[in-house]
Amino acid sequence: IALHLPGEAGLRQGAQRSLVLRHLTAAVPPDSVLRAIERVDPFPAVAGPIAPVERPDPASVRRPGVGRASSSVVRVVGTACGLAVSGSGWVASPRLIVTAAHVVAGQRDTTVEVEGVDEPLAARAVAFDPRNDLAVMRLERPLSVRPLRLASSAPGEPVAILGYPNDGPLSASAGRIGRTTLVLADDAYGRGPVTRKVTSLRGRVRHGNSGGPAVNTRGEVETTVFAARIGSEGGFGVPSDVVRAALAEAGRLVSTRSCVG
4 IALHLPGEAG LRQGAQRSLV LRHLTAAVPP DSVLRAIERV DPFPAVAGPI
54 APVERPDPAS VRRPGVGRAS SSVVRVVGTA CGLAVSGSGW VASPRLIVTA
104 AHVVAGQRDT TVEVEGVDEP LAARAVAFDP RNDLAVMRLE RPLSVRPLRL
154 ASSAPGEPVA ILGYPNDGPL SASAGRIGRT TLVLADDAYG RGPVTRKVTS
204 LRGRVRHGNS GGPAVNTRGE VETTVFAARI GSEGGFGVPS DVVRAALAEA
254 GRLVSTRSCV G
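Residue numbers (our numbering): 4 to 264.
Dropping the structure here:
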């Protein structure tokens, strides 16, 4: 659905006015349409460098460290410009969640859903960085789950891409870390080009993985996913040093600005 594409403001606004829905429901069952747009991840697709590494090892997702890290991966949900948005995030401290800026952009009602916790927790932004497509959210109360540690990315390192793709259940996909490079690219709003550091990633990256971690076999975060790669199976993440700096600066509440698209 074109609603997922950044920059397609007309289509997004049309959906709010039900113009798109009238055309879609004429072709497919209304229930299918509503499920398709119920929770949109305005997921960027980037024409960037391919991760020059071997194929992912499927066994990497079964390592004990990955299993432990999975309990610290959350679903991030909110409303922006009249549409529900769903992405992923990970626990950086008992009250701080790391996610992608485009997942929470323009929201005033962000909540975090945690496996094993009955009620969603309200979250407010304490860092919002559109250039690097990164946000840090503060929870209304602390979690008892184990925070994840950051690790410097190592090209070729096997990882598990963790998150809630397509607003489904928690999923782990095998991946492999590529290079961390300085590139000219758009920001979270599709504006640019801007200079930013990204880590390439080989593996299956889908809508809803935005903001989720790629963890090594020890369960450490090597990059935070923000985009898929155009033309091949892979994606891009925010490097750990950028995330570490954002966490260090997170403090007072900040605005999540306008919605994406």
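Glycine residues also receive a C-beta, built at the ideal position from the N, C-alpha and C atoms. Being a predicted model, the structure only gives us computed values, none of them experimental.
Residue pairing of Arg260 in beta bridges, as defined by DSSP: absent, with no partner found. Annotated as proximal: Thr113 and Val79, with beta-carbon spacing under 8 Å.
In terms of CA proximity to Pro145, Val115 leads the group Lys200, Val115 and Val201. Three or more Cβ pairs closer than 8 Å define a contact, and the region 81-96 meets that threshold against the region 205-217. Shown here, Val106 sits in a helix according to DSSP, grouped into three states. The three-state secondary structure of Val245, taken from DSSP, is helix.
The region 195-209 and the region 153-169 touch, with three or more beta-carbon pairs separated by less than 8 Å. Residue range Ser174 to Ala188 is occupied by the beta strand (DSSP E) that includes Ser174. Taking all protein chains in view, the Cβ of Ala95 is crowded by 16 or more other Cβ atoms within 10 Å, so the residue is classified as buried. Annotation: Pro59 to Arg232 spans about 16 Å, alpha carbon to alpha carbon. The alpha-carbon of Asp244 is positioned some 14 Å away from that of Val139. By the beta-carbon neighbour count (other beta carbons within 10 angstroms, threshold 16), Ser147 is exposed.
Annotated as proximal: Glu225 and Glu160, with beta-carbon spacing under 8 Å.
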